[in-house]
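Here's the structure, in structure tokens; my notes come after.
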């Protein structure tokens, strides 16, 4: 499948990534820009003076002198940047950028050791301790990110280099599947050499290390390398790493004790086993535990292996963990990770709105996981969750200027609380320039730059339409190609047309997702000839297969078939399961896939005093000027006001001088009272899409608003 | 004033302290008991293997060999234990206990260095670093606790030793005020020698250290030593330490950098200046900031100095900080400290019920502060807050068995959240045997053992009745004594009689507090002759001065005057200021001074599903069998139940297979829905006093319950 996006909403983001974020991050990685790097939470050990990421490679490559600076996983910033750059190069040939990226690949190659080992921290700082503290070392995590970047770069540059690559110089073995074209061969050579070094070092065989990385990621990289090269060893190794989790729970701590005992990342020795998903053998895990990004990366790779092998037992584990996340541990914004401590999942229905983590990377990982689940089985809910995470938490991770980023994505923010309550110090009120742990911004860049890969899926011979992004996809079958185009102005409009041009000899089934949020959907099917001219209109049933698992399938015969759909985009009220104690008595407003929120700049301070009556109209209007163009939802609501009588404390009001029989209204200052302050004033409550919040300076924000009966 | 308590409610606690807690803690301090010491929060650095506190003294005294173990302030556990023991000895002569306490005093004396310096950690571990890292060292903090203990022990043992002390061997100077009898003279000798060593080491004079301790406490000890000995140097030094706060904000960090740079308490170098109350000169502080215990200890000493000197400027600072706490930063239970991070205050109206700290010690310190404020000015609200903190958070710090203790006193607990959400790991679900930082249990012991000191106050010639604890107090005037007795069965009953027997030549004014919580109060005054026989009954006005500042005063002439009062103890609903977002839509039930709570053991799981209708009767009944005898409040309430239709996730219910026009009830699994689950079932909601919670195994608890209109 090859997909090209040409969508109003997404082109803006893709251009932001290409023209602003990639050049911006390049300067950050080179310490060539004057910015304030913030710590993502209150932790003195977070390195935040500079990035130093490119300099680390120069030192490891022998081109420069000095010490490594930054996290042990600082290399991955460069890799994710390279991967994002690769995706943009795919659609926008850019010689200047490619000159830089080719040089980066060369630099990485020079930093790689002869053995194939690649990690600047250990090469520079602790060359005798490679693979000896895997719980914290992130060596394989970084390797995974490099491999992902190399595969992307290889594929991206293939199109306009076209030359024969150097596969024969690698040990990648027989090429069974995947792309035959070869682009920048050096990136792939480095990746293969690195993967082979890892394969030679880890595994069940005697003499190899029987362990895996503390942070899942290498498995994703190995699967991508397998898909590109067809080399089954890489998939086997990915599966080994996955199944090794929980087999030897003391592995990380034992390695640590037997090695230096010195922590490169403070506190990791003492974290619970769940943090690493090693509390139980992977096959026995059925809840989402520990560090949220790690968990979804693990599941992404596991689902990929399950889909690639058809292994039903692995698929069953994926389904169990998916169910647990989606039914019990996910925010309405598609955020995951209920606590900053360990950036982790906690327990079922525990979804605090103001102390949570909801890391941008975790929602990105959830999107990766959903995409792989769609490869296992075509269920609309996977795409529902993908869409929810994409249009809400993932996009909220970046400011509209493409140069400021959130790590943590709260559902409720009061700026003074973030400043003065250390329990909420990780909840930033505006997006920082850059972050001490800079995992999120480049992760988001690579997602946006490759968003085309999430729109369509293959399900056997079927084609699935998951997202309504204006685009054209071509799939080649043995007997011809099928082109599917989506015409949409989504999520601004609910009107969508899916055009299928079938040049194969038979019919092709196309499943169009009916979003879980959709209230009313109208549709019609138009069948045309191969010029696209409509020759028949069918109201539906005779040409439509039954809806299955959230998709409506159409059998598209030769020529052109157009499915016209209209989703009702009227704003809707959403309620949480009563077991979510934090959302009791509250309502969340959404329009289509977008969750809305109220900001202080539109609604004044103390948003918790606002209530939306349960029967208030939710009026929606497009505002072209606001926040780059957004829908705004307004409702006639009320604001609780404090009665004058209660406003002063009892000392100020002299209420402690009571006469006999007189009752003080405030038993204790103005803080606790015997009577409720039951006054309300009418107010217009104004809401904007969640992804666009915090683009107008520091102010309050709330997703869940009180509902008044 | 000398007061003897003989009260049903308090005798039980005092006996628990005397017969269980003091012997129990003695064994803990000697590591002579098999208990589980828990960390008060998830922090690997907390020493929790043993107490070692007595052993530390033996090592410092040269009687034993080894290293110091435990916190740098481990000594204070012994001092607070000694102080509590002293108070019990006052009322219960106990030769066996006094043999032990005398030996402890000797041991402490032997551990004191010749210079007067006393601190086992620095004597054993870092003898060259005394007073060089005051931000973390707790040297003066420990000294303050020893001085408090020594004063208490001196006073307690005076009564039945009677002998002449050794004041002449000390440098205490002129004895101007206070007790002339001398008890165990060695305790006081050690204290004076220690205080003089501190006085010689600190102060504005050249050559002295211009600084103070990171944790306020020495100031309280010095003021007590001043009250006992009349030596003004001690008060002057206390005032110096107080006013030094914020004068040189870099002092602690500079000392640290110039000394070893090695932290004995991890992380203290990086805490904000507010933590130590050094963010601004003390005279300019007007909000309660930083570590809650430190803040209230600071205010206790400041109010003591203000009351003892009549310094209005100091009193004004006390009043400002008091107002800020009581009007904006105090829980309805009298708990303070809204966050575990830094065990600190946060900001106005920020009172989360499930992540707060509310340390037992902080409420005890608030009681100390209130008592000193009553010395500055007779305002009922000081006693209101004292009572609120005493009957709720302070008492909740100890289990009914006197052997298990809370450090953190939440207003909302879900056991699974404490177990699985690290953000709530400090919120224990049952009281541990003992705590790694064992400040709270002995602090509570000394408070309970000396509760008589809080019942009455002197306000010039007036006598104030602050608390309704059955007791007798004798105050000596130049021309005779006045005896005030309280007859009460409080808080079980609202009936109270205050009997004043005036043997002086004139009238004495007695102010009886009218509690801020009281709805209706009925009263009558009976005047008797000196046999106590009633000769006249006045319905009030002619004998009662006007109510002033929360007290009703009576002019008690010669002979006996009895004021009979009855407070309406009908359960009441309390509401929080609307600015407290966490309590929106919620109600708290109280009876008299006692806040009530609902526990899972009485009400089932998921207490957040319960609502009390705003018009439901609150029925109260005494249950002699339950929890050592408590009032139980019951109300006909409702429990939200989840409609069957919503219970299963959408995958389980197969809802993703939708037909055209059919709307999914659950857009996303069972977690988020388009319709509210609006089903309720009637339930009897049962509440018990807050202080008695968590005495029936692990279960949920809530103070603030939802209110249904």
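Residue numbers (our numbering), protein chains in the order written: chain A, 134 to 842; chain B, 134 to 842.
C-beta: ideal position from N, C-alpha, C; glycine also.
As the structure is a prediction and not an experimental result, all values here were calculated from the model.
Under the three-state DSSP convention, the category residue i falls into
{"i": "residue 348/B", "result": "coil"}
{"i": "residue 743/B", "result": "strand"}
{"i": "residue 252/B", "result": "coil"}
{"i": "residue 511/B", "result": "coil"}
{"i": "residue 727/A", "result": "strand"}
{"i": "residue 282/A", "result": "helix"}
{"i": "residue 486/A", "result": "coil"}
{"i": "residue 805/B", "result": "strand"}
{"i": "residue 796/A", "result": "Caution applies to residue 796/A, whose pLDDT of 45 falls short of 50 and renders its modelled position unreliable; the model cannot decide the point."}
{"i": "residue 455/A", "result": "helix"}
{"i": "residue 563/B", "result": "coil"}
{"i": "residue 141/A", "result": "helix"}
{"i": "residue 835/B", "result": "strand"}
Beta-carbon contacts of residue i that lie in its chain and below 8 Å, excluding the five residues immediately before and after
{"i": "residue 642/B", "result": "594, 595, 596, 678, 686, 687, 688, 689"}
{"i": "residue 457/B", "result": "419, 420, 421, 481"}
8 Å contact criterion, which residue i and residue j should meet: CB distance rounded
{"i": "residue 825/B", "j": "residue 760/B", "result": "4 Å"}
{"i": "residue 625/A", "j": "residue 699/A", "result": "Between residue 699/A and residue 625/A the Cβ distance is about 13 Å, and since that is not below 8 Å, they are no contact."}
{"i": "residue 844/A", "j": "residue 434/A", "result": "Only positions 134 to 842 of chain A appear in this structure, which leaves residue 844/A out of reach."}
{"i": "residue 242/A", "j": "residue 323/A", "result": "5 Å"}
{"i": "residue 762/B", "j": "residue 818/B", "result": "The pair is not a contact, with the Cβ atoms about 21 Å apart (cut-off 8 Å)."}
{"i": "residue 537/B", "j": "residue 565/B", "result": "6 Å"}
{"i": "residue 744/A", "j": "residue 656/A", "result": "Not a contact, Cβ separation roughly 37 Å."}
{"i": "residue 579/B", "j": "residue 146/B", "result": "With 8 Å as the limit, residue 579/B and residue 146/B do not qualify as a contact, their Cβ atoms being about 12 Å apart."}
{"i": "residue 606/B", "j": "residue 589/B", "result": "5 Å"}
Cβ shell of residue i (< 6 Å), same chain only, five flanking positions each side left out
{"i": "residue 408/A", "result": "423, 424, 475"}
{"i": "residue 716/A", "result": "709, 837"}
{"i": "residue 503/A", "result": "515, 518, 519"}
Cβ neighbours of residue i in the same chain (closer than 7 Å, five flanking residues each side left out)
{"i": "residue 178/A", "result": "399"}
{"i": "residue 842/A", "result": "747"}
{"i": "residue 328/B", "result": "280, 355, 358, 367"}
{"i": "residue 450/B", "result": "415, 416, 418, 435"}
{"i": "residue 577/B", "result": "493, 497, 527, 530, 531"}
{"i": "residue 215/A", "result": "234, 237, 282, 286"}
{"i": "residue 289/B", "result": "219, 220, 222, 223, 316"}
At which residue ranges does the segment 154-181 of chain A contain complete alpha helix (DSSP H) runs of 4 or more residues, listed in the order of the chain? Runs found: 155-162.
Output needed in chain order: residues of the segment 807-830 of chain B with a Cβ under 8 Å from some Cβ in chain A. Cβ contacts with chain A come from 807, 808, 809, 810.
Listed in chain order, which residues of the segment 719-744 of chain A have Cβ atoms closer than 7 Å to some Cβ of chain B? Per Cβ criterion, the list reads 739, 741, 742.
Output the residue ranges of the beta strand (DSSP E) runs that lie fully inside the segment 596-641 of chain B and measure 3 residues or longer, sorted by chain position. Restricted to the segment 596-641 of chain B, the beta strand (DSSP E) segments that are unbroken, complete and at least 3 residues in length are 604-610, 613-621, 628-635, listed in chain order.
Note down, in chain order, all residues in the segment 697-714 of chain A with a beta-carbon under 8 Å from any beta-carbon belonging to chain B. Listed by position along the chain: 705, 706, 707, 708, 709, 710, 711, 712, 713, 714.
Short-range partners of chain B found in the segment 537-553 of chain A, where Cβ spacing is below 7 Å: Answer in chain order: 549, 550, 553.
Whole beta strand (DSSP E) elements within the segment 680-722 of chain A, 3-residue minimum: Counting whole runs of 3 or more residues, the segment 680-722 of chain A contains the beta strand (DSSP E) stretches 684-689, 692-700, 705-709.
At a CB distance below 8 Å, what residues from the segment 449-478 of chain B approach chain A? Give them in sequence order. Cβ contacts with chain A: 456, 459, 460, 461, 463, 465, 471, 472, 473, 474, 475, 477.
Minimum length 4: unbroken alpha helix (DSSP H) runs contained in the segment 356-441 of chain A: List check, alpha helix (DSSP H) in window: 365-377, 384-391.
Please give me, in chain order, every unbroken run of the alpha helix (DSSP H) with length at least 4 that falls completely inside the segment 183-247 of chain B. Counting only runs of 4 or more, we get 186-193, 208-224, 228-244.
Taking beta-carbon pairs under 9 Å, can you tell me which members of the segment 508-539 of chain B lie near chain A? Within the segment 508-539 of chain B, the residues whose Cβ lies closer than 9 Å to some Cβ of chain A are 512, 513, 514, 517, 518, 521, listed in chain order.
Contained beta strand (DSSP E) runs [length at least 3] in the segment 567-594 of chain B, N- to C-terminal order: At a cut-off of 3 residues, the continuous stretches assigned as beta strand (DSSP E) that sit fully inside the segment 567-594 of chain B are 589-592.
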